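Q: Note that the numbering used here has the sequence shown beginning at 4, numbered continuously upward.
Yeah, the Cβ is synthetic: ideal placement off N, Cα and C, and Gly gets one too.
On a predicted model such as this, the values are computed, not experimentally measured, just so you know.
Before we start, here is the structure in question, set down as structure tokens.
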Amino acid sequence: TPAGERFLDIAERMEGDMIAARSTISGEGDDVSGTVRIGAPDGFGVAFLAKRLGELTALHRELTIQLVPVPRSFSLSRREADIAITVERPTEGRLVAGKLVD
């Protein structure tokens, strides 16, 4: 019917618009970029993290990771690091802490 043909035309345009919108949106948020400062004890950073972080930045060319050797105490609130790996659980500040290994 004429009404069905008009409906089909509209539906096909809508489908094309939806596919175009999905392909535009699907690329957003997938890229990892920016700078992240990771504070870690010197030995752990050199012996364990450095190689793995190199592999990560090879996969994500727009990502910069600064590995910062940290003393026993330091301040995340002063942006000395974005992520901290410590031996002891933090006792001050509003931090989210999780155990890496047993």
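When DSSP labels each residue in this structure, what does R55 get in the three-state scheme?
A: Translated into the one-based positions of the sequence shown, residue 55 becomes position 52. Of the three classes helix, strand and coil, the one that applies to R55 here is helix, per DSSP.
Q: Rounding to the nearest angstrom, what Cα-Cα distance links G19 and E95 in this structure?
A: Translated into positions along the sequence shown, residue 19 becomes position 16. Translated into positions along the sequence shown, residue 95 becomes position 92. Each residue's Cα considered, the two are about 54 Å apart.
Q: Roughly how many whole angstroms lie between the Cα atoms of P44 and G101?
A: Residue mapping note: residue 44 aligns to position 41 of the sequence shown, counting from 1. Residue mapping note: residue 101 aligns to position 98 of the sequence shown, counting from 1. About 16 Å.
Q: How is the beta strand (DSSP E) around T67 delimited, first residue to last?
A: On the sequence shown, residue 67 is found 64 positions in, with the first residue counted as 1. Unbroken beta strand (DSSP E) run through T67: L66 to P72.
Q: Would you call V73 buried or exposed, if buried means 16 or more other Cβ atoms sit within 10 Å of its Cβ?
A: Reading the sequence shown from its first residue, position 70 is the one you call residue 73. With 16 or more other Cβ atoms within 10 Å, it is buried.
Q: Can you tell me whether A53 is buried or exposed, with buried defined as 16 or more other CB within 10 angstroms of its CB?
A: Taking the first residue of the sequence shown as position 1, residue 53 is located at position 50. A53 comes out exposed.
Q: Please look up how many angstroms separate the CB atoms of I88 and G42, rounded, as I've assumed it's under 8 Å.
A: Looking up residue 88 in the sequence shown gives position 85. Looking up residue 42 in the sequence shown gives position 39. That pair is a contact at about 7 Å.
Q: Please say whether L59 and V66 have beta carbons closer to each other than 8 Å?
A: For the purposes of this step, residue 66 is taken as the residue at position 63 of the sequence shown. For the purposes of this step, residue 59 is taken as the residue at position 56 of the sequence shown. Reading off the sequence shown, one finds Leu at residue 66, where the question assumed Val. Yes; because the gap between Cβ atoms is below 8 Å, this pair is in contact.
Q: Going by other Cβ atoms of all chains shown within 10 Å of its Cβ, with 16 needed for buried, is I68 buried or exposed?
A: Taking the first residue of the sequence shown as 1, we reach residue 68 at position 65. Label assigned to I68: buried.
Q: Just mark A84 as buried or exposed, buried being the case when its beta carbon has 16 or more other beta carbons within 10 Å.
A: For the purposes of this step, residue 84 is identified with residue 81 of the sequence shown, where counting begins at 1. A84 should be labelled buried.
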